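FYI, numbering that gives the first Met the number 0 numbers position 62 of the sequence shown as 61, with every residue one higher than the one before it.
Quick reminder that beta carbons are idealized off the backbone N, C-alpha and C, glycines included.
Only a predicted model underlies this, so the values are computations on that prediction, with no experimental measurement involved.
First the structure, in the form of structure tokens, and then the observations on it.
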Amino acid sequence: MNWSDEGIVLSARKHGESAAIVTLLTRLNGRHSGLVHGGAGSRARGIYQTGNLVSADWRARLSEHLGTLTCELLRPHAAGLLNERLPLMALISAAALIERLLPEREPHPETFDRFCAQIESLGDGPDWIARYVHWEFDLLTDLGYGLDLSECAATGMTDDLIYVSPRTGCAVSASAGEPYRDKLLKLPDFLVGSASTTSDEEIQQGLRLTGHFLGRCAKDADTGDLPVARAQFVDRLRRGATISGKS
Numbered sequence: 000m001n002w003s004d005e006g007i008v009l010s011a012r013k014h015g016e017s018a019a020i021v022t023l024l025t026r027l028n029g030r031h032s033g034l035v036h037g038g039a040g041s042r043a044r045g046i047y048q049t050g051n052l053v054s055a056d057w058r059a060r061l062s063e064h065l066g067t068l069t070c071e072l073l074r075p076h077a078a079g080l081l082n083e084r085l086p087l088m089a090l091i092s093a094a095a096l097i098e099r100l101l102p103e104r105e106p107h108p109e110t111f112d113r114f115c116a117q118i119e120s121l122g123d124g125p126d127w128i129a130r131y132v133h134w135e136f137d138l139l140t141d142l143g144y145g146l147d148l149s150e151c152a153a154t155g156m157t158d159d160l161i162y163v164s165p166r167t168g169c170a171v172s173a174s175a176g177e178p179y180r181d182k183l184l185k186l187p188d189f190l191v192g193s194a195s196t197t198s199d200e201e202i203q204q205g206l207r208l209t210g211h212f213l214g215r216c217a218k219d220a221d222t223g224d225l226p227v228a229r230a231q232f233v234d235r236l237r238r239g240a241t242i243s244g245k246s
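Structural data, given as structure tokens:
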């Protein structure tokens, strides 16, 4: 069994003396792991950094085996973010979410393309964090947990949508949601395309919204809690990192 594909490095964990178990998100073969001989050595370490784009060849005697990977570096995304703390934390958060939540060896080419675009945009412009929240929103759709923000679930109204039901994932208007406001999640304007600027508070609202449903996805898939890397990224934002991504 073998395949060749493009992949984004999600993680690399040392195995034995010098090998590493590397997990990729590939375009055609989904989330896929393999053993890289020498992958933990100093010469190869720079290739297997989270976020790097590689060309990968995977081989195994049987499809259910771990198999071996050999990779060549195509784009060293990680190196470009080493001095950008907040964008780097966002990258590690996104990669950890994919590794935790995406089914193994199941093709998700749209997820791959969106992840590539997300990596390219990290730290780019004042609204890059809002784009990160949109990326988590799209990931929920890929995982089958897409939110319905098109109209109010109670009245069918399409305007003044400011809440989301934590149970159904449907939007709720201000008037319909007022009696239950303490039990509903806030829906920031930028997630429904009606905001020209995005405040820190709205970013936090967006992350609470996506985090709630990502956590439900993790629970349903029996993969445990959300990754620590995401909590660290959200906490960093909460502790005062600016929207521009400067530490």
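Q) For D234, which three-state DSSP category applies? A) By 1-based counting over the sequence shown, the position of residue 234 is 235. Three-state DSSP puts D234 in a helix.
Q) Taking the Cβ atom as the reference point for each residue, do R30 and E103 lie within a distance shorter than 7 Å? A) Residue 30 sits at position 31 when you count from the first residue of the sequence shown. Residue 103 sits at position 104 when you count from the first residue of the sequence shown. Yes, the pair counts as a contact, with Cβ atoms nearer than the cut-off.
(Q) Please report the distance separating the alpha-carbon of P106 from that of A89. (A) Here residue 106 is taken as the residue at index 107 of the sequence shown, counted from 1. Here residue 89 is taken as the residue at index 90 of the sequence shown, counted from 1. Between P106 and A89, the C-alpha separation is close to 23 Å.
Q) What whole-angstrom Cβ distance do E49 and A116 have, given they're in contact under 8 Å? A) Position 50 of the sequence shown, counting from 1, holds the residue named residue 49. Position 117 of the sequence shown, counting from 1, holds the residue named residue 116. Before going further, note that residue 49 is Thr rather than Glu in the sequence given. The Cβ separation is near 17 Å, so there is no contact.
Q: Answer with buried or exposed for V209, where buried requires no fewer than 16 other C-beta atoms within 10 angstroms of its C-beta.
A: For this step, residue 209 is matched to residue 210 along the sequence shown. According to the sequence displayed, residue 209 carries Thr and not Val. T209 should be labelled buried.
Q) How do the region 197-208 and the region 175-189 stand: do at least 3 beta-carbon pairs fall below 8 Å, yes or no? A) yes
**Q.** Span separating the alpha-carbon of A175 from that of C151
**A.** Counting from one through the sequence shown, the residue named residue 175 turns up at place 176. Counting from one through the sequence shown, the residue named residue 151 turns up at place 152. Near 8 Å, if we compare the C-alpha coordinates of C151 and A175.
Q) Mind pulling the alpha helix (DSSP H) runs of 4 or more residues that sit fully within the region 61-95? A) Within the region 61-95, the complete alpha helix (DSSP H) runs of at least 4 residues are 76-79.
Q: Kindly indicate the opening and closing residues of the alpha helix (DSSP H) around E135.
A: In the sequence shown, counting from the first residue as 1, residue 135 sits at position 136. In the DSSP annotation of this structure, the continuous segment of the alpha helix (DSSP H) that includes E135 starts and ends at 127-141.
Q) Under the DSSP definition of a beta bridge, which residues are partnered with D199? A) On the sequence shown, position 200 is the one that residue 199 refers to. For D199, DSSP records no beta bridge to any residue.
**Q.** N- and C-terminal bounds of the beta strand (DSSP E) containing G6
**A.** As a position in the sequence shown, residue 6 is number 7, starting the count at 1. Where G6 is concerned, the enclosing beta strand (DSSP E) stretches over 1-14.
Q.
Spatial neighbours of P226 within its chain, please: C-beta separation below 8 Å, excluding the five flanking residues on both sides.
A. The sequence position of residue 226 within the sequence shown is 227, counting from 1. Closer than 8 Å at Cβ, skipping near neighbours: S92, A95, L96, E98, R99.
Q.
Once DSSP output is grouped into helix, strand and coil, what is the label at G168?
A. Residue 168 sits at position 169 when you count from the first residue of the sequence shown. Three-state DSSP puts G168 in coil, outside helix and strand.
**Q.** Spatial distance of T69 from A59 (CA atoms)
**A.** Translated into positions along the sequence shown, residue 69 becomes position 70. Translated into positions along the sequence shown, residue 59 becomes position 60. Roughly 12 Å separates the two Cα atoms.
Q: Consult DSSP for S32 and reduce its assignment to one of helix, strand or coil.
A: Working through the sequence shown from its first residue, we reach residue 32 at position 33. Strand.
(Q) Between the alpha carbons of L247 and P86, how many angstroms are there, rounded? (A) Outside the displayed span of the chain (0 to 246) sits residue 247, for which this structure offers no information.
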